[in-house]
Amino acid sequence: MSAIDAQAAFALPPTNTGKDGLGALGSGEFLQIILSELSRQDPLAPSDTSALLDQIATVRSIQSDVDLSDRLGELVKQNELSAASGLIGGVVGGVSTNNERAVGIVLSVSRTKDGAVLNLDTGQRVNFKQVDEVVNRPTLREALNGSNGSGDQP
Numbered sequence: 003m004s005a006i007d008a009q010a011a012f013a014l015p016p017t018n019t020g021k022d023g024l025g026a027l028g029s030g031e032f033l034q035i036i037l038s039e040l041s042r043q044d045p046l047a048p049s050d051t052s053a054l055l056d057q058i059a060t061v062r063s064i065q066s067d068v069d070l071s072d073r074l075g076e077l078v079k080q081n082e083l084s085a086a087s088g089l090i091g092g093v094v095g096g097v098s099t100n101n102e103r104a105v106g107i108v109l110s111v112s113r114t115k116d117g118a119v120l121n122l123d124t125g126q127r128v129n130f131k132q133v134d135e136v137v138n139r140p141t142l143r144e145a146l147n148g149s150n151g152s153g154d155q156p
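In structure tokens, the structure reads:
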């Protein structure tokens, strides 16, 4: 399997330094890499160009996997925020960001680097991942009204 000479690789002008990485490698840059590899090889022991193509394809595949992983991570964050926002107005319990037990009505949801955080009426904040109890709104309404759930007053 052929490897690109380190000196040759660093001698190439930078192509795209944006977030796209090798995914944005155009045919011109690709051709330049191949020509650079071919011009620096030993004429008595030429390297296999198909090996170079395989290496570049592998690197492109890895870059695509990384990009897909990043996009899926962002989708998970959006889904978490959407699910957390569904709790607004409801009563939740869990471990607060100060590692204390917290129970309260969810007033709002914030997106942080750690994910969705529920802001409670008690002033406490609970990471969505730390919620361990959600009270059903009709059950809460019944408890506040003194109903036993059958419509009859106790």
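Under my numbering, the residues of the sequence shown are numbered 3 to 156, in order.
Every residue, glycine too, gets a C-beta built ideally from N, C-alpha and C.
Give the secondary structure of residue i by DSSP, where H, G and I count as helix, E and B as strand, and everything else as coil.
{"i": "glutamate 102", "result": "coil"}
{"i": "leucine 83", "result": "helix"}
{"i": "glutamine 65", "result": "helix"}
{"i": "isoleucine 35", "result": "helix"}
{"i": "arginine 1", "result": "Missing from the structure shown is residue 1; the chain here goes from 3 to 156 and no further."}
{"i": "leucine 55", "result": "helix"}
{"i": "arginine 73", "result": "helix"}
{"i": "leucine 89", "result": "coil"}
{"i": "glycine 95", "result": "strand"}
{"i": "leucine 46", "result": "coil"}
Could you work out which residue in the options is closest to residue i when comparing CA atoms only?
{"i": "valine 108", "options": "Lys115, Arg42, Val136 and Asn81", "result": "Val136"}
{"i": "alanine 104", "options": "Asn121, Gly91 and Leu37", "result": "Asn121"}
{"i": "glycine 106", "options": "Lys115, Leu89 and Thr114", "result": "Leu89"}
{"i": "glycine 96", "options": "Asp134, Gly117, Leu74 and Leu70", "result": "Asp134"}
{"i": "leucine 55", "options": "Arg73, Gln34 and Ser71", "result": "Gln34"}
{"i": "threonine 114", "options": "Gly92, Val94 and Glu76", "result": "Glu76"}
Assign residue i to buried or exposed, taking buried as 16 or more other Cβ atoms, counted over all protein chains shown, within 10 Å of its Cβ.
{"i": "serine 110", "result": "exposed"}
{"i": "glutamine 80", "result": "exposed"}
{"i": "valine 78", "result": "exposed"}
{"i": "serine 66", "result": "exposed"}
{"i": "serine 112", "result": "exposed"}
{"i": "serine 71", "result": "exposed"}
Using only the alpha-carbon positions, how far apart do residue i and residue j sit?
{"i": "glycine 117", "j": "phenylalanine 130", "result": "7 angstroms"}
{"i": "aspartate 69", "j": "phenylalanine 32", "result": "20 angstroms"}
{"i": "leucine 74", "j": "isoleucine 64", "result": "15 angstroms"}
{"i": "arginine 62", "j": "aspartate 44", "result": "26 angstroms"}
{"i": "alanine 59", "j": "leucine 46", "result": "26 angstroms"}
{"i": "asparagine 138", "j": "glutamine 57", "result": "56 angstroms"}
{"i": "asparagine 36", "j": "arginine 42", "result": "The sequence shown places isoleucine at residue 36, rather than the asparagine named in the question. Taking the straight line from one Cα to the other gives about 10 angstroms."}
{"i": "glycine 92", "j": "glutamine 132", "result": "16 angstroms"}
- Task: Determine, using beta-carbon pairs with one atom in the segment 49-56 and one in the segment 82-90, whether at least three such pairs fall under 8 angstroms.
- Result: With the cut-off at 8 angstroms, the segment 49-56 and the segment 82-90 do not touch.
- Any chance the segment 92-102 sits against the segment 113-128, with 3 or more Cβ pairs inside 8 angstroms? For the pair of segments examined, the segment 92-102 was found to touch the segment 113-128: the number of CB pairs separated by less than 8 angstroms reaches three.
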